Structure formats: structure tokens, C-alpha cells
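Chains as they are written, first to last, in the working numbering: chain E, 1 to 343; chain B, 1001 to 1370. Cβ atoms here follow ideal geometry from the backbone N, Cα and C, with glycine treated the same way. If you're wondering where the values come from, they're calculated on a predicted model, not measured in any experiment. The structure under discussion appears below in the form of C-alpha cells.
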């Protein structure tokens, strides 16, 4: 496995700056998630690392060696895509063995059998080795695709939304499995997604990309609890962080505040709070969620209720200042004391 | 506006029973969700309400009138299949007028209704816009508008949000609920998605394999599931089930979990073998020595909270842990349950066992109805 270092990377397609001024270090054995909306530059970053694109500016190093000019094959990165891209006419065994039989490797048949078996066991598909790829379920196909990357023992895994075409339950299962696998093999993984749940549950560190610019890099706790900008705060969390009118915080918001934000789990549902006059729109025990509205402002609160509140019922919220995040007109966080507690 | 009454409704397709002797009253003005896995009979029930299928036996009354064998056009019901479909070549106004023109209403009446619907949905300023340029949310509002402009007695919706992505689906849930609060038109909504059901419904009907397993308000279904299937089907992470090693007797106020006594609501119906059920949010970490000891096996961070998987002497279970805490794999912790929210099931029949809390809940519901 290997470490990766990107310094000063820029890549444009015509007038579009896909990635600019990108500096990022990924440690050997680290699971790094690049999170961002579509068009943020996530996939371009992966393709630059793989050597499928050349940067206009900047250098890429692997284990300290400059690989900016090297061919993709010599970089030894394994790609896993959202679409399974298996060979439909081959069995699971042959799909898994394929990379080992390539002219570059030409492993011995005994070695191939041993490694395919090992990977199949890791992914719980050892019983399906003789099936054709087309006879598998979506989850099994994606397991095989991941297996085909694993069997090569590459230096780096590059994964581009590998779970996003699966249904919710499978995604949940594979999320846990993929992370367990990465830990046990000590692989370096750079994982691209727009799903914040995948980011917080899987990553050692999350890098948030918006418009080709890396906004913030940190552990899930750091990025969620201490966002430096409003876009970062809005990228993580479901339901999204609440944006409240500054007028509600007169005398409480620091100078220069243009936006006040508070996470749904930090909103208090109080019998005697400061903000009365809300009307319940939706209350879900399953999602532990209460949505209420006042003067056209919708507030989402994460609350554990024994009984649901009826739609239309009045509600009263508390927005403790120490749990609020304050942003200036440019979307930068204004430092306030006591926020560390929100981490 | 109308009450819908279903009496011993039965539907067989050759030797397959799609809906089995269902009896149900859907109160006027309520938002009712038929919830269950695929093949449970929810869509067949809806299609019989719409008149797209006729039952094998039983009857359907809409606002007191028997409509069992009326054709769809003869029932004053609007069926909404897919909220997203709009006519791209028509503008917003054209899309809203379309269902009314089909009915041959006079121009002035069409004009009045379109204005009214646009006002309700806050899309008046978009009436002359083209559909192509609209944001996703506005498109969906127009689609909703097209369904309500006919002013039917009831809406029937078959997984209308099924094809939307998660984020958008949640927005539309809120939009639908707001609309219903304004119009109060009886709505029957079919879905397999428990989140949608719990967010939208006044009343949920849980079905499986043609049977109605439970019908009630979301709180009753979540807190007092009638059987283990309903308990498993609703709530993520799912309710924890812990098999008990000894029988439970009426009057018991505690059960033994691997030798430790755990308080439960007073048992009113016993069982030779039972299963304790507790939802992950009702499992909390307590000071060492105050509860069952457990070892954290696995944690997942969701920002707002952690999901922790733990093993105890009585089995493994999951707990939701507040974000202010930092659970880690290998931690030795102690856990306790929110006793009022612990339920017991008969292990043989998988049915909920009556207890002091289930009885109190039943009584509260009865009083609420008077």
C-alpha cells in the first residue's frame, strides 16, 4: 500500500476549472472520503490520481516518488465504479481471476485459484464462484467488482460512488463490510461520494470539495462539529443544518453575522423556550424528527419523543447560542467561544 | 370529503389471495398510508378503492354510498400514480387546466379553479412559465396542483414519490403533508417506505401477505407494534429482540436477562416463552454497575449521533448514542432500558403480550376518540 500526495493540482476542461489549487495528503492505509455535489471535481481528482487525466499544474507523488508523468499501468491503482462493469459471459471466478491473467501479471493457475478463493471468502461470495455474472443480484455484482479490484493487491484503491446504485439496505450492509475489509487489509482508499452518511460512517478523514476547491479536510467529528464555512456545514448532516434569520438572534449573534445555523439535534424542544409560535408540519418517531414552521421559516429538530406531536399543533423551540454556528456574508465561520462542545 | 369504509374485502387471483377479508374504516379527512413489503396487498386494495379491480367478495363505501362495483369514472376519486409526470409542451397553466378541460368544464370555472390551486401551492407567479425551466420543487408543486384541481372526494396515491431521490422525497413529503393540512381531503397513500409512512400518516395500515396486521396512528404502531413483523418492519436500526430463557407470568414486573433482573411494564398476559423488544433509542449508556454490562463491538458515526452495536450476556443489540459521547469498539459499558418503552412478545405466536403500558395506551386511545 502507498501514500499519496497532491500538491498545487489544477485541471481545466476548456473554460471550466474542474479542480484548482488542490493540496491533499493521504496516508498509507488511510480511508479518505472526497465528498461533494456533482460537478465538484471529485471524479476528476480520482482520474488524476489514476493517471487517466494529466494535471495542467501541480505534482502527484506516491510514496514520495513523483508519478505525475507516469503511465496509469505503472501507478497500480485499482478503480471501482458505480456501474459494476463485469464481464457478463464469464463466471464469478473468471471475473475475479481476470486481472491476474492479464499479460502484465500472468500469475500461475495455483496462485490464481488461491487468491480468488481468498477474496471470495472475504466478500462472502465463495458459494457463487461458478455462477455467471448475470445471475447475480446487484449487491453480489458490486461485491464481485470490489473483489476484482482486491485480487490485484493494488497500491491504492480509487472508488467512485461504488454503492450509489444499490438499494438502501444493501448499501448499509456493504458500507460496514467495505470498511471492515479496508481495515483488515490495511489498504489506502480514496472514496468519492455525494452521500454524507457514507462519509461520516466510513472515513478516517473527509475532504469536502465544492466547485473544484477543497474546502476543508478533517476527521468526521471535526468536519461535522467544526465546519469552517457554510457550504461545509450544509454538506454534512440529515436533515440539513437549519438556517435561521439573524433577527431572531439580536444581541446574541457576534458582529458581522450574516447567517445563523444550528444542527437539528442541537435545537431544543422546550415547554418554556424563547421561540414560541411554531406550528408542527411533520413529526416522525422513526426519524426522530420534528419539522415546524414560523413566519415561513422551517425548522428541523432531532428529538426523541415518546408520542408524536400532531400536525398543526403548536411548538416552542430553544436555540442555545453556544450551539449555534455564525457565518459572515462570505460564508466564513465567525469564531465563538464554547463551540468545541459541539464537536 | 368522505369516509371510506371497507367491509370484509377479499381479492383472489386464481389460487393466490392478494387481500384477505379486510375490514377497515378510513375516517373523513385523514391521511391514511397502506404500508407493507411488495406483494402484501396494499396496491390491490388501492386499486379496488379506485375501481380498477373488483373484489372477489366484500364491499367498499365512499361517503356512505356503496361503490364496490362502480367504474372508476363513476367514483369521485383522483388516482395519482406518479407525481412527476408533466406535459413538457404545455406551460404551467396548461398543465393545471388539462384535467378540467377533459371534464368539459366552462372556461370561467376552469380559470377560477386554476387560480385557487395556484394560490394554495404558492405558484401563482409561475402560471405563465414553461414547465422546462422550473426547479424540481416547483415542477412537483405543479404536478400536485394537477391532481388537486379536480377537487375529488378522495386522493389515492400509489408510491407517488418512488422514483425521486432521497433528499427530494423528504421535501415532497413535507409538501404533501402541508397540502393535506390545508385541503383535508381523505387521502390513501400506498408505500413500502416506512419513513414516508411515519412522516405523512394520520393513520397507518400495516399489511403483509394479504392480511392487515395493524391499523393505528404512527405512535401506536411504533411504540406498541402488534407483532414482531410490524416491530421489525418499522424503525431503523430495527428494534432489538432478546429471547428470554424463562416463562413470563401475569403480574411480573421484571424479567431475567442472563441472570440480571430487568424491569418491564407489568405483564398482563403470560407466555411459556417470550421475547423482549426494545428500540435502539430506548437503550442508554449508564454508569458502570447500574445496568447490564456490555462490550461495544462496532460504532458508526452519523454526525448527529452514533449507532453502536454491543454484546451482552443476553445477546447483541444496538443503541443510539448522543453525539456528545464518544463510544469506541472494545469499550466496556453499562446499559439500561427505558422501561416504559420495553415490550414483550409471545415467542411462539410473535404477537405482542398485553402489559400495563399497552392497556394504558388502549385506554388513552379510547378516551381520545370520545
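Open item on the list: I want to see whether chain B comes within less than 8 Å of residue 268 (chain E), judged by CB atoms only; does it?
Closed with: For residue 268 (chain E), the answer is no, since every Cβ of chain B falls outside 8 Å of its Cβ.
- [ ] Might you give, ordered along the chain, the residues of its own chain that have their beta carbon closer than 8 Å to the beta carbon of residue 1016 (chain B), omitting 5 neighbours on each side?
- [x] none
TODO: Identify which residue in E:326, E:142 and E:299 has its Cα closest to the Cα of residue 88 (chain E).
DONE: E:142
Task: Member of B:1243, B:1301 and B:1252 whose CA lies at the smallest distance from the CA of residue 206 (chain E) - done: The candidate whose alpha carbon is nearest that of residue 206 (chain E) is B:1301.
Task: Per-residue contacts from residue 281 (chain E) into chain B (C-beta, under 7 Å) - done: Per Cβ cutoff of 7 Å: 1174, 1177 and 1178.
Open item on the list: I'd like to check one pair, residue 1327 (chain B) with residue 1286 (chain B): are the Cβ atoms closer than 8 Å?
Closed with: no
TODO: Within the same chain, show all residues whose beta-carbon is closer than 7 Å to that of residue 1030 (chain B), passing over the 5 residues directly before and after it, in chain order.
DONE: Within its own chain, the residues whose Cβ lies closer than 7 Å to the Cβ of residue 1030 (chain B), once the five positions on either side in sequence are excluded, are 1186, 1202 and 1203, listed in chain order.
Open item on the list: Does residue 48 (chain E) pass the burial test, meaning 16 or more other C-beta atoms within 10 Å, or should it be called exposed?
Closed with: The residue in question, residue 48 (chain E), is buried, as its Cβ has 16 or more Cβ neighbours within 10 Å.
Task: residue 14 (chain E), buried or exposed, once every other Cβ within 10 Å from all chains shown has been counted against 16 - done: exposed
Open item on the list: Cβ closer than 9 Å: which chain B residues qualify as neighbours of residue 308 (chain E)?
Closed with: Near residue 308 (chain E) (Cβ distances below 9 Å), the residues of chain B are 1198, 1217, 1218, 1219 and 1222.
Task: Backbone secondary structure at residue 182 (chain E) - three-state DSSP - done: helix
- [ ] Residues of the region 1229-1254 of chain B with a CB closer than 8 Å to any CB of chain E: list them in chain order, please.
- [x] 1234, 1235 and 1236
Open item on the list: Counting only Cβ pairs nearer than 9 Å, list the residues of chain B close to residue 221 (chain E).
Closed with: Within 9 Å Cβ-Cβ: 1301, 1303, 1323 and 1326.
TODO: Kindly identify the DSSP beta-bridge partner or partners of residue 1207 (chain B).
DONE: B:1212
Open item on the list: So, with DSSP's three-state summary, where would you put residue 324 (chain E)?
Closed with: coil
Task: Length at least 4, wholly inside the region 1133-1199 of chain B: the alpha helix (DSSP H) runs in chain order - done: 1136-1148 and 1166-1183
Task: Sequence-distant residues of its chain with Cβ nearer than 7 Å to residue 1063 (chain B) (five each side left out) - done: 1002, 1003 and 1153
Open item on the list: So the candidates are B:1013, B:1028, B:1026 and B:1045; which of them puts its Cα closest to the Cα of residue 1211 (chain B)?
Closed with: B:1045
Task: Closest by C-alpha distance to residue 1068 (chain B), when choosing among B:1051, B:1077 and B:1080 - done: B:1051
Open item on the list: Going by the DSSP bridge assignment, what does residue 1007 (chain B) pair with across the sheet?
Closed with: Residue pairing of residue 1007 (chain B) in beta bridges, as defined by DSSP: B:1059.
Task: Run of the alpha helix (DSSP H) containing residue 316 (chain E), from where it starts to where it stops - done: Segment 314-318 is the beta strand (DSSP E) holding residue 316 (chain E); no alpha helix (DSSP H) there.
Task: 8 Å CB neighbourhood of residue 1334 (chain B) in its chain, flanking five on each side removed - done: Cβ neighbours of residue 1334 (chain B) beyond the five flanking positions: 1285, 1286, 1287, 1288, 1289, 1290, 1291, 1292, 1293 and 1294.
TODO: Can you check DSSP and say which residues form a bridge with residue 216 (chain E)?
DONE: As DSSP reads the structure, residue 216 (chain E) sits in a beta bridge with E:208.
- [ ] Taking residue 21 (chain E) as part of the beta strand (DSSP E), name the residues at either end of that continuous run.
- [x] 16-26
- [ ] With DSSP collapsed to three states, give me the class of residue 167 (chain E).
- [x] coil
Task: According to DSSP, residues forming a beta bridge with residue 98 (chain E) - done: Beta-bridge pairing links residue 98 (chain E) to no other residue.
Task: Contacts around residue 341 (chain E), its chain only, beta-carbon distance under 7 Å, and the 5 residues preceding and following it disregarded - done: The pLDDT assigned to residue 341 (chain E) is 42, lower than 50, so where the model puts this residue is not dependable; a value taken from the coordinates is nonetheless given after this. These residues qualify, in order along the chain: 322.
- [ ] Quick one: grab the DSSP three-state call for residue 191 (chain E).
- [x] strand
Task: Neighbour flag for residue 237 (chain E) against chain B, beta carbons, 8 Å - done: Yes - at least one Cβ of chain B is within 8 Å of the one on residue 237 (chain E).
Task: Which of helix, strand or coil DSSP assigns to residue 224 (chain E) - done: Residue 224 (chain E): helix per DSSP, three-state reduction.
Task: Option in E:316, E:72, E:144 and E:24 with minimal Cα separation from residue 81 (chain E) - done: E:144
Open item on the list: Let's test the definition: count the other Cβ atoms within 10 Å of the Cβ of residue 1108 (chain B) and tell me whether it reaches 16, buried, or not, exposed.
Closed with: Exposed, because fewer than 16 other Cβ atoms sit within 10 Å of the Cβ of residue 1108 (chain B).
- [ ] With distances taken Cα to Cα, identify the nearest neighbour of residue 1127 (chain B) among B:1079, B:1034, B:1092 and B:1196.
- [x] Restricting attention to B:1079, B:1034, B:1092 and B:1196, the CA atom closest to the CA of residue 1127 (chain B) is found in B:1092.
Open item on the list: On the DSSP letters alone, give me the boundaries of the beta strand (DSSP E) that residue 1240 (chain B) sits inside.
Closed with: 1240-1243
Task: Per-residue contacts from residue 1281 (chain B) into chain E (C-beta, under 8 Å) - done: 288 and 304, listed in chain order.
TODO: May I ask whether a heavy atom of the ligand NAD can be found less than 7 Å away from the beta carbon of residue 1200 (chain B)?
DONE: Only the bare structure without any ligand can be found here, which leaves the ligand NAD out of the picture.
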